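S.K.:
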Amino acid sequence: MKNIILPARPEVKQSELIAELNVSRVTFTKWRRAGRIPLPVRKIGREQVYSTAAVAEACRAFASVRIV
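To convert, take the position in the sequence shown, counting from 1, and add 22; that gives my numbering.
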């Protein structure tokens with residue numbers, strides 16, 4: 023089991039989320055299309071912003087990781 027520490031902020035940018043999950047952008051996109059990652063809350067320029075709580079809940083549901 024792997025520990026993932028998500029930021030304490032209520033929202034997190036896609037690039038930060040990819041870095042924390044330690045996956046490639048392609049893998050992240052596949053997860054999002056498969057419904058494993060929730061849709062972004064909003065967009066800032068080109069960067070998509072996700073709800074930290076929703077992403078943490080999704081990670082708990084499908085991954086063998088522990089969210090700290």
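Each residue gets a CB set at the ideal place from its N, CA and C atoms; glycine is no exception. All values reported here derive from a predicted model rather than from experimental measurement.
Out of curiosity, what's the CA-to-CA distance linking Lys65 and Arg82?
M.R.: Indexing the sequence shown from 1 puts residue 65 at position 43. Indexing the sequence shown from 1 puts residue 82 at position 60. Taking the straight line joining both Cα atoms gives about 24 Å.
S.K.: Locate the alpha helix (DSSP H) running through Val48, then write down its first and last residues.
M.R.: Here residue 48 is taken as the residue at index 26 of the sequence shown, counted from 1. Note, Val48: alpha helix (DSSP H), 47-56.
S.K.: Can you say whether Met23 is buried or exposed, counting buried as having 16 or more other CB atoms within 10 angstroms of its CB?
M.R.: By one-based count along the sequence shown, residue 23 stands at place 1. Below a pLDDT of 50, predicted positions are generally treated as unreliable, and Met23, at 48, falls in that range; the measurement from the model is reported next regardless. Exposed is the call here.
S.K.: Which term fits Glu79, buried or exposed, when burial requires 16 or more other beta carbons within 10 angstroms of its beta carbon?
M.R.: Along the sequence shown, one-based indexing puts residue 79 at 57. Glu79 comes out exposed.
S.K.: In the DSSP assignment, what residue or residues form a beta bridge with Ile66?
M.R.: By 1-based counting over the sequence shown, the position of residue 66 is 44. Answer is Glu69.
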